[in-house]
DNA sequence: GAGATTTACGCTACCTCCTTGCATAAATCA
DNA sequence: TGATTTATGCAAGGAGGTAGCGTAAATCTC
């Protein structure tokens with residue numbers, strides 16, 4: 001169930017994509033129960049009849065399944081509500097209980113490790129941050145991250161073994177076994193087997209992915225391009241840049257997660273960005289670089305030619321590379337993310353868009369990411385939720401359930 | 001069921017990827033029957049016990065399902081065979097009947113239309129070719145293609161309404177509605193709605209796809225890279241070049257099928273190929289250009305510096321562009337296909353590989369396509385098989401069943 | 001060649017789950 | 001207070017899957 005299972009499978013056993021597992025009445029019940037649960041998950045509260053029409057199951061079956069789900073703790077009965085048409089017996093409203101499971105999103109960044117605990121609808125319950133000043137070694141970084149995990153779990157009152165799903169974001173290439181293949185900017189990070197490192201702490205498999213490839217999930221979830229099918233997401237972070245590629249709604253990893261290394265590719269011209277003063281800001285401390293970027297933005301908005309030409313030449317290089325990539329990928333959106341895009345506001349995006357309008361396919365739209373600095377953690381939470389195993393999981397007991405009031 | 005249905009869906013209803021449809025006993029039976037059928041499809045012949053262990057169903061259930069499948073005509077009972085261990089009652093062997101369905105692969109190429117009829121295992125039963133000399137207009141080309149369809153169906157003794165699945169290959173961008181958005185090299189072809197054109201002739205929806213995107217399916221099926229997960233497939237045809245991108249085992253289309261237009265992309269340098277004398281050969285007639293290419297190959301193999309430099313400069317441009325793309329896609333293979341790669345043998349591939357070894361990621365392997373001129377038709381047949389609806393289809397009646405002996 | 005052994009087949013009994021349909025419950029409206 | 005409307009609870013019936021036993025059809029042994 002960890003990574004690397006669905007790769008390199010021969011897709012040509014036969015026709016369409018139905019399941020291949022044997023179905024018995026129990027499996028049927030399980031599948032139908034999950035269907036009901038999903039229907040409730042997607043809505044605020046639903047009556048039996050509403051669930052029946054939404055799922056295609058008979059009302060009787062829905063009724064029986066709800067009895068089970070309520071007994072297990074997945075579902076709460078909201079006291080009969082007034083009702084729409086005004087008359088008739090009011091229907092009982094059933095609601096999914098997001099509190100009965102906790103997932104973790106872990107963002108290991110250069111200067112800090114951030115751990116967010118969220119409920120099953122992805123609402124953040126608590127965020128723990130452990131700063132990582134002075135370029136620490138591998139062991140120190142891992143220990144600090146574990147402290148952040150412990151703090152987050154303590155805050156929401158959940159033991160590690162009860163966590164429903166975990167996703168870890170890291171800079172560098174994450175291979176199909178959940179280890180970092182190449183990461184040059186963090187000490188001793190190349191070769192670290194993150195999935196193995198964290199696996200013993202939890203009862204569920206630990207998912208590990210490159211940070212840009214996770215941030216793009218947040219963009220699809222609660223960002224500028226919800227539910228988009230194909231897009232390119234650029235993480236402009238200064239020295240540490242990356243790309244998230246989404247195709248057919250799914251993030252694409254390539255062989256051992258190596259996809260999207262556009263800054264290593266000769267021929268796209270994006271390696272020229274390294275020389276840009278804007279990229280150079282990445283070397284500064286977070287507060288400092290943000291101030292610098294804001295200063296540039298303000299100067300440019302006042303019409304200062306030096307600031308404008310700085311942004312323009314940056315946009316030139318970016319637009320050239322992204323135009324070429326757009327012919328290859330035919331994405332619906334190109335999204336500019338990372339703190340640099342965040343700090344430069346719409347200035348950069350509009351300028352890149354103007355330049356791409358001439359050279360890229362006409363259907364490609366340029367967007368600025370609407371996500372703030374927590375894009376990567378939110379993406380990790382999204383990935384954790386996507387991997388949460390409804391059928392295997394058991395809801396947390398009432399006394400163990402965290403409430404959103406507890407944490408931050 | 002045609003194209004364009006699974007696009008742009010929000011992927012974040014909840015967790016993993018189970019089905020969302022209500023399951024009743026009948027659906028369960030249908031799914032289990034399909035599971036049994038698939039097991040038989042993947043093997044030559046199987047006993048009840050073998051099917052039971054392969055599928056996870058009880059032997060009794062397998063037995064009952066086989067009774068149905070045999071009655072419907074899907075399955076044949078091979079007379080009890082000697083048996084492995086030597087003793088014990090010999091098991092009945094059940095075999096999937098590939099003859100009970102016919103699929104069509106249609107390749108509309110510049111100089112001809114080719115229609116191949118195949119059985120459900122993809123064995124070609126008959127191939128009909130209608131030449132298209134003198135750059136005909138749209139109507140003429142469509143009429144000629146219909147003639148080829150009629151001939152192929154006559155040869156295998158099947159009426160159009162009985163065809164189980166159809167896939168059409170065409171040059172140009174095929175949008176999500178099965179129409180050609182842009183195709184400049186064939187008269188009046190831009191805007192032709194191929195799915196609609198052919199739909200009335202058949203009882204099943206007609207799948208339409210760009211020819212390079214279909215050829216790559218043949219490569220995965222019976223070519224140089226069977227079952228590969230990620231690869232880039234180049235169709236070098238002279239004037240009409242294209243690319244097929246496979247990611248996670250699935251061909252990638254992009255917005256309205258526009259993905260892979262690497263020759264329109266400034267910045268990759270591949271537009272420079274247009275100037276190459278090798279590409280120029282595409283303007284000649286098929287026999288002529290093949291002779292010319294073979295002549296170049298022979299001269300190069302004898303060490304002729306002019307021929308070698310011609311191939312080298314071609315390989316240079318190709319390798320530069322493909323190296324850049326390899327950083328972006330991280331494919332396992334880059335495959336050179338099309339008649340040009342076919343004609344130049346391993347010469348081109350080894351030279352491209354040597355140049356890419358320096359600039360591309362180390363895991364990328366360069367391969368020459370092992371498919372001949374029928375790559376596109378075979379890919380169309382593969383696509384048609386992939387879309388064949390087992391559960392909806394009814395096996396052909398015995399008197400209508402084509403036999404491989406009939407056709408070519 | 002008859003009986004033992006081995007493996008496969010056919011079938012009955014039973015279980016789970018889904019569906020239909022009707023009687024009952026709980027609200028509003030006249 | 002009774003009619004109307006909508007929701008709930010429950011009994012009966014049907015479809016499908018599984019377990020397990022007796023029988024069938026081979027080979028092996030003496």
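Residue numbers (the UniProt record's numbering), protein chains in the order written: chain L, 1 to 408; chain Z, 1 to 408. For glycine and all other residues, C-beta sits at the position ideal for the given N, C-alpha and C.
With fewer than 16 other Cβ atoms inside 10 Å of its own Cβ, residue 26 (chain Z) counts as exposed. Taking 8 Å as the upper bound on Cβ-Cβ separation, chain Z lies near residues 257, 258, 259, 260, 261, 262, 264, 265, 266, 267, 268 and 269 of the stretch 257-270 of chain L. Taking C-beta atoms as the reference points, residue 204 (chain L) and residue 168 (chain L) fail to come closer than 8 Å. Here residue 267 (chain Z) is near residue 269 (chain L), since their CB atoms are less than 8 Å apart. In the three-state scheme derived from DSSP, where H, G and I count as helix and E and B as strand, residue 28 (chain Z) is classed as helix. Under DSSP, residue 104 (chain Z) shares a beta bridge with Z:117 and Z:166. Apart from the 5 residues on each side of it in sequence, residue 98 (chain L) sits with its Cβ closer than 8 Å to the Cβ of 119, 120, 121 and 123 in its chain, given in chain order. With the criterion set as a beta carbon lying under 9 Å from some beta carbon of chain Z, the members of the stretch 228-253 of chain L are 228, 229, 230, 243, 245, 247, 248, 249, 250, 252 and 253, in sequence order. Sequence-ordered contacts of the stretch 312-333 of chain Z with chain L read 320, 321, 323, 324, 325, 326, 327, 328, 329, 330, 331 and 332 [C-beta pairs closer than 9 Å]. Chain-ordered, the chain Z residues with CB closer than 7 Å to the CB of residue 28 (chain L) read 23 and 28. Counting C-beta atoms within 10 angstroms of its own C-beta, residue 251 (chain Z) has 16 or more neighbours from the protein chains shown and is therefore classed as buried. Using a C-beta cut-off of 8 Å, the stretch 308-322 of chain Z makes no contact with the stretch 223-240 of chain L, since fewer than three inter-stretch Cβ pairs fall below that distance. When C-beta distances to chain Z are compared with 7 Å, the residues of the stretch 349-362 of chain L below that value are 359 and 361, in chain order. Counting along the chain, residue 367 (chain L) sits inside the beta strand (DSSP E) bounded by residues 365-368. Spatial neighbours of residue 185 (chain Z) in its own chain (CB-CB distance under 7 Å, excluding positions within 5 residues in sequence) are listed in chain order as 110, 171, 239 and 240.
Residue pairing from DSSP leaves residue 132 (chain Z) without any beta-bridge partner. Taking a C-beta distance under 8 Å as the contact criterion, residue 278 (chain Z) and residue 197 (chain Z) do not qualify as a contact pair. When DSSP reads this structure, residue 388 (chain L) sits in no beta bridge, so it has no partner. Residue 274 (chain Z) has a beta carbon lying at 8 Å or more from every beta carbon in chain L. For residue 31 (chain Z), the nearest CB of chain L lies under 8 Å from its own CB, placing it at the interface with that chain. Contact annotation for residue 56 (chain L) against chain Z: 21 and 22 [CB-CB distance below 8 Å, chain order]. Per the DSSP secondary-structure output, residue 174 (chain L) pairs in a beta bridge with L:180. Contact between residue 23 (chain L) and residue 32 (chain Z) holds, since their C-beta atoms are separated by about 6 Å, short of 8 Å. At least one CB atom of chain Z sits nearer than 8 Å to the CB of residue 255 (chain L).
For the pair residue 178 (chain L) and residue 322 (chain L), the Cα-to-Cα distance works out to about 29 Å. Beyond the five residues adjoining it in sequence on each side, residue 76 (chain L) comes within less than 6 Å, by CB distance, of 95 and 97 in the same chain, given in chain order. Between residue 202 (chain L) and the set L:145, L:161 and L:367, the nearest pair of CA atoms involves L:161.
Residue 386 (chain L) is classed as buried because its beta carbon has at least 16 other beta carbons within 10 Å across all chains shown.
In this model, residue 242 (chain L) and residue 338 (chain L) are separated by some 9 Å (Cα to Cα).
With fewer than 16 neighbouring CB atoms inside 10 Å of its own CB, residue 389 (chain L) falls in the exposed class. If you compare the alpha carbons of L:127, L:144, L:38 and L:125 with that of residue 133 (chain L), the shortest gap goes to L:144.
Across the set L:166, L:359 and L:357, the C-alpha of L:166 shows the shortest separation from the C-alpha of residue 199 (chain L). Following the DSSP letters along the chain, one finds residue 279 (chain Z) inside the alpha helix (DSSP H) bounded by residues 277-280. Around the C-beta of residue 391 (chain Z), fewer than 16 other C-beta atoms lie within 10 Å, and the residue is accordingly described as exposed. According to DSSP, residue 198 (chain L) shares a beta bridge with no other residue.
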